[in-house]
Amino acid sequence: MQSDEKIMLLQELFSLCDHISVSSYDGNGNLLTSNSPDSAVLHTAFSVFGCQARMLAAAEKSDAPVVLGTSVGLVWGIAFEKDSHGCLQRCWVLGPVFYNSVNKQQIELGYNLYHGLELSLAWKEQFIQATSRLPIVTNVLLGRYLLMLHYCLTGQKLNMGDLQVPACNPLPTSKKTQEKGHDRHQVYVSERALLRMVRNGDLHYHEALSNSILLSSGVPVSGADPLRQGKISITVFTSLVCRAALEGGLSPEIAYPLGDHYIQSTENAKNLDDLSQISRTMYDDFIHRVYHCRTNPKYSTLVQRCIDYIDLHLEDKIQAADLAAQLGYDEYYITRRFRKETGYSLPNYCKFAKIERAKVLLSSTRMTVQEVADKLGFSTRSYFIQCFRAVTGMTPVAWRGEHPFG
Numbered sequence: 001m002q003s004d005e006k007i008m009l010l011q012e013l014f015s016l017c018d019h020i021s022v023s024s025y026d027g028n029g030n031l032l033t034s035n036s037p038d039s040a041v042l043h044t045a046f047s048v049f050g051c052q053a054r055m056l057a058a059a060e061k062s063d064a065p066v067v068l069g070t071s072v073g074l075v076w077g078i079a080f081e082k083d084s085h086g087c088l089q090r091c092w093v094l095g096p097v098f099y100n101s102v103n104k105q106q107i108e109l110g111y112n113l114y115h116g117l118e119l120s121l122a123w124k125e126q127f128i129q130a131t132s133r134l135p136i137v138t139n140v141l142l143g144r145y146l147l148m149l150h151y152c153l154t155g156q157k158l159n160m161g162d163l164q165v166p167a168c169n170p171l172p173t174s175k176k177t178q179e180k181g182h183d184r185h186q187v188y189v190s191e192r193a194l195l196r197m198v199r200n201g202d203l204h205y206h207e208a209l210s211n212s213i214l215l216s217s218g219v220p221v222s223g224a225d226p227l228r229q230g231k232i233s234i235t236v237f238t239s240l241v242c243r244a245a246l247e248g249g250l251s252p253e254i255a256y257p258l259g260d261h262y263i264q265s266t267e268n269a270k271n272l273d274d275l276s277q278i279s280r281t282m283y284d285d286f287i288h289r290v291y292h293c294r295t296n297p298k299y300s301t302l303v304q305r306c307i308d309y310i311d312l313h314l315e316d317k318i319q320a321a322d323l324a325a326q327l328g329y330d331e332y333y334i335t336r337r338f339r340k341e342t343g344y345s346l347p348n349y350c351k352f353a354k355i356e357r358a359k360v361l362l363s364s365t366r367m368t369v370q371e372v373a374d375k376l377g378f379s380t381r382s383y384f385i386q387c388f389r390a391v392t393g394m395t396p397v398a399w400r401g402e403h404p405f406g
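In this text, residue positions in the sequence shown follow full-length UniProt numbering: the first is 1, and each later residue adds one.
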C-alpha cells in the first residue's frame, strides 16, 4: 500500500473519533493537499505564525515527528516522509487543533501577540471563524495520532518520549480528562515519581517523563489565553521542582535564584514552543545540580559558596577577584583552598562547569553551537569547541547527536 493510501485510511480512522484535518506539504514547505474546508486561511495562519518555517527546521534536525504550538492556542502535529538518502519529500500535517476550549476573546488576545502581521481585518475575521470549527484534541490523543501517522509513513514504532516535544508538556487538558477521578490519582503518582527523580538527582529520568505525558498536560485552569495557561503550568511545575531540589540537598542560595530565573523566563516567553523549551531545560538543570550536589565530597562552607556563586554566574567571565570580593576573603587564600578541596584551579573548574551547562543546553534546547558559546561567555566558537572536546572527548555537534532534543 502506498503512503497516500495509508494516509487516506488513517484519515477515515481519525474521523471516527475526531474531525482532525490532514494536509501535506512538499520538501520546500509548499501546500500540496488538505481535506480541511478552511485550508486556505489555516495554511496562511500556519505560515504567518512561523510554524511552516519551524516545520522545515525540525525536519532538518530529526526524522521524529514534531508538535508545534502558537500563542493563539493552535497546535499542529507533523510527520516527515523522507527518501532513502534522508531527503525530505513531504510533510504530513495533522490539525490544527486546540488542546482545550478557547473562545473568540482568547483567540484575539493570542493573535495580538504577533506583531507586524500584514493581514486584513477580513482575513482575521475569517481566521477566527475557522478556529471556531476546529476540534479539541488533548495532547495525549494528538501524540498518539502522530505516532500512528509516522508508523504509516516509515514503519518505525516510536513512543511518546520520541516526539519532538518537551517531556513534560505544559498545556492544559480537556475537561473530559479532568473529570476522570482515577486519572487524577495516576497523575499524583506520576508527579511523585518526577519529583523523587529531582530529590535523588536521578539522571535516568526520561522514562518517568515519558509516562507523565500519557497522564497529564499541566495545571487545568482557565486563563486569559492559552499562552497564559501554559505559563501558569510551568510556574507551578518550577516551584514544585525547586522545592524537591531543596529536599535533595541543593542549597537555598542556589535553588531559589535558579527557580526565580526560570519563572522569569517563563513569564517572558512569547509562544508555547518557548515554554516547552524552558520546561525541559529547567527540569534537566535542577536534576543535574542535585546530582552533582549529592555526589560531590563534603566541601567546606567557603568552597561550597564558591561553587554556588560559579553555578549562578556561568554566563559571566568569573575571576578569582570576583569571588574574593563577593565572599569577603583574600583572593590568594580562596584560590589555594579551592584547589586543595576540589583538585581544580578556579579557572579550570569554571571551564568545566560551563561545559556541563553547555551539555544541558545542547540536549534540552535548539540553540546553535554559536548561541551556546555566546551565552556561556566563550570568546569564540572555536575556543568553545576546543574546551568542549577537552572535557567530553567529542565536539558539541557530535555530543548533541547522541543526546538529541525532544
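Using N, Cα and C, we set each Cβ at its ideal position, and we do this for glycine too.
Quick caveat: nothing in here was measured; it's all calculated off a predicted structure.
Roughly how many whole angstroms lie between the Cα atoms of Leu302 and Ala353?
-> In the sequence shown, counting from the first residue as 1, residue 302 sits at position 302. In the sequence shown, counting from the first residue as 1, residue 353 sits at position 353. When rounded, the distance between both Cα atoms is 18 Å.
Assign residue 408 to one of two classes, buried (16 or more other C-beta atoms within 10 Å of its C-beta) or exposed (fewer than that).
-> Limits of the chain in this structure are 1 at one end and 406 at the other, which puts residue 408 out of reach.
For Glu81, does the count of other Cβ atoms within 10 angstroms reach 16, so buried, or fall short, so exposed?
-> As a first step, residue 81 must be located in the sequence shown, where it is residue number 81. Classification for Glu81: buried.
Output the distance between the C-alpha atoms of His288 and Leu240, rounded to the nearest integer angstrom.
-> Counted from its first residue, the sequence shown places residue 288 at position 288. Counted from its first residue, the sequence shown places residue 240 at position 240. Those two C-alpha atoms are separated by around 16 Å.
Pick helix, strand or coil for Leu9, following the three-state DSSP scheme.
-> Working through the sequence shown from its first residue, we reach residue 9 at position 9. In the structure shown, Leu9 sits in a helix (DSSP, three-state: H, G or I).
Is Asp316 near Gly377, with beta carbons less than 9 Å apart?
-> Taking the first residue of the sequence shown as 1, we reach residue 316 at position 316. Taking the first residue of the sequence shown as 1, we reach residue 377 at position 377. Contact flag set, yes.
Using a Cβ-Cβ cut-off of 8 Å (strictly less than) and excluding sequence neighbours within five positions of Ser345, which residues of its own chain qualify?
-> On the sequence shown, position 345 is the one that residue 345 refers to. The answer, listed in chain order, is Thr335, Phe338 and Arg339.
Which two residues bound the contiguous beta strand (DSSP E) that contains Glu81?
-> The residue you call residue 81 lines up with position 81 of the sequence shown. Run containing Glu81: Val75 to Lys82, per the beta strand (DSSP E) assignment.
Quick one: grab the DSSP three-state call for Val221.
-> For this step, residue 221 is matched to residue 221 along the sequence shown. The predicted model places Val221 with a pLDDT of 45, which falls under 50 and marks its position as unreliable; any figure quoted below should be read in that light. It is coil, neither helix nor strand.
Minimum length 4: unbroken alpha helix (DSSP H) runs contained in the segment 276-333 | 301-312 and 320-327
Which residues in the same chain as Val219 place their Cβ atom closer than 6 Å to its Cβ, once the five residues preceding and following it in sequence are excluded?
-> Here the question's residue 219 lines up with position 219 in the sequence shown. Below a pLDDT of 50, predicted positions are generally treated as unreliable, and Val219, at 46, falls in that range; the measurement from the model is reported next regardless. So the qualifying residues of the chain are Ile232, Ser233 and Val236.
Euclidean distance between Cα positions of Val97 and Asn159 | In the sequence shown, residue 97 corresponds to position 97, counting from 1. In the sequence shown, residue 159 corresponds to position 159, counting from 1. Using only the alpha carbons, I get a separation of about 21 Å.
Let me know the secondary structure DSSP gives Ser233 once reduced to three states.
-> What you label residue 233 is simply residue 233 of the sequence shown in a count that begins at 1. Correct three-state label for Ser233: helix.
For Val372, write down the residues that DSSP places opposite it in a beta bridge.
-> On the sequence shown, residue 372 is found 372 positions in, with the first residue counted as 1. Partner(s): none; Val372 has no beta bridge.
Measuring alpha carbon to alpha carbon, tell me which of Leu119, Val67 and Arg199 ends up nearest Val137.
-> Within the sequence shown, numbered from 1, the residue matching residue 137 stands at position 137. Checking every option, the nearest Cα to that of Val137 belongs to Val67.
Pair within 9 Å by beta-carbon distance, Val93 and Gly77 = Here residue 93 refers to the residue found at position 93 when the sequence shown is read from its first residue. Here residue 77 refers to the residue found at position 77 when the sequence shown is read from its first residue. For Val93 and Gly77, yes; Cβs fall inside 9 Å.
Exposure of Gly393, with buried meaning 16 or more beta-carbon neighbours within 10 Å = The residue given as residue 393 occupies position 393 in the sequence shown. Classification of Gly393: exposed, given that the 10 Å Cβ count is below 16.
For Pro252, the first and last residue of its enclosing alpha helix (DSSP H) | Counting from one through the sequence shown, the residue named residue 252 turns up at place 252. That run of the alpha helix (DSSP H) goes Pro252 to Asn268.
So Arg133 is in the alpha helix (DSSP H); what residue range does that whole segment cover?
-> As a first step, residue 133 is located in the sequence shown; it is residue number 133 there, counting from the start. Counting along the chain, Arg133 falls outside any alpha helix (DSSP H), and DSSP gives it neither H nor E.
What did DSSP end up calling Val93 once you bin it into helix, strand or coil?
-> Numbered from 1 along the sequence shown, position 93 holds the residue referred to as residue 93. Correct three-state label for Val93: strand.
For my contact list, Gly95 and Ser21 are in at a C-beta cut-off of 8 Å; report their separation, rounded to the angstrom.
-> Indexing the sequence shown from 1 puts residue 95 at position 95. Indexing the sequence shown from 1 puts residue 21 at position 21. Contact flag correct, Cβ pair sits at about 7 Å.
What residues in its chain sit with their C-beta under 7 Å from that of Asp83, if we drop five residues either side in the sequence?
-> Sequence index remark: in the sequence shown, residue 83 carries index 83 (1-based). Contacts found: Gln89.
Outcome for Gln386 when other beta-carbon atoms lying within 10 angstroms are tallied against a minimum of 16 = Taking the sequence shown and counting its residues from 1, the one referred to as residue 386 is at position 386. Counting Cβ neighbours within 10 Å, Gln386 comes out exposed, since fewer than 16 surround it.
Would you kindly check if the distance between the Cβ of His150 and the Cβ of Pro252 is under 9 Å?
-> Taking the sequence shown and counting its residues from 1, one reaches residue 252 at position 252. Taking the sequence shown and counting its residues from 1, one reaches residue 150 at position 150. Not a contact, by the Cβ cut-off of 9 Å.
Excluding the five sequence neighbours on either side, which residues of its own chain have a C-beta within less than 6 Å of the C-beta of Leu246, listed in chain order?
-> The count along the sequence shown starts at 1 and reaches residue 246 at position 246. Cβ within range, chain order: Ala255.
For Asp4, which of Thr281, Cys91 and Thr380 has the nearest alpha-carbon?
-> Within the sequence shown, the letter at position 4 stands for residue 4. It is Cys91.
Given that a residue counts as buried once 16 or more other Cβ atoms are within 10 Å of its Cβ, and exposed if not, what is Tyr262?
-> Walking along the sequence shown from the start, residue 262 turns up at place 262. Tyr262 should be labelled buried.
Given a cut-off of 9 Å, decide if Val369 and Pro396 are closer than it, judged by their beta-carbon atoms.
-> The residue labelled residue 396 in the question sits at position 396 within the sequence shown. The residue labelled residue 369 in the question sits at position 369 within the sequence shown. It is a contact, given that the beta carbons lie within the stated cut-off.
Residues bridged to residue 407 (per DSSP) | Missing from the structure shown is residue 407; the chain here goes from 1 to 406 and no further.
Going by the CB atoms, is the gap between Leu146 and Thr44 shorter than 9 Å?
-> Start at 1 with the first residue of the sequence shown, and residue 44 comes out as number 44. Start at 1 with the first residue of the sequence shown, and residue 146 comes out as number 146. Not a contact, by the Cβ cut-off of 9 Å.
Cβ of Leu9 within 9 Å of Cβ of Asn28?
-> Numbered from its first residue, the sequence shown carries residue 9 at position 9. Numbered from its first residue, the sequence shown carries residue 28 at position 28. Contact flag unset, no.
Which of helix, strand or coil DSSP assigns to Ser23 = For this step, residue 23 is matched to residue 23 along the sequence shown. Looking at Ser23 - three-state DSSP - the assignment turns out to be strand.
Under 8 Å by Cβ, that's how I've got Leu327 and Cys306 pegged, so tell me the actual separation to the nearest angstrom.
-> Reading the sequence shown from its first residue, position 327 is the one you call residue 327. Reading the sequence shown from its first residue, position 306 is the one you call residue 306. Yes, they are in contact, since the Cβ atoms of Leu327 and Cys306 sit about 7 Å apart, within 8 Å.
Under the three-state DSSP convention, the category Phe378 falls into = On the sequence shown, residue 378 is found 378 positions in, with the first residue counted as 1. Looking at Phe378 - three-state DSSP - the assignment turns out to be coil, as it is neither helix nor strand.
Please name the residue, chosen from Leu121, Ala79, Ser62 and Gly69, that lies closest to Val41 on a Cα-to-Cα basis.
-> Position 41 of the sequence shown, counting from 1, holds the residue named residue 41. Checking every option, the nearest Cα to that of Val41 belongs to Leu121.
Would you call Ser174 buried or exposed, if buried means 16 or more other Cβ atoms sit within 10 Å of its Cβ?
-> Locating residue 174 in the sequence shown gives position 174, counting from the first residue. Because Ser174 carries a pLDDT of 38, less than 50, the predicted location of this residue cannot be relied on, and no value is offered for it.
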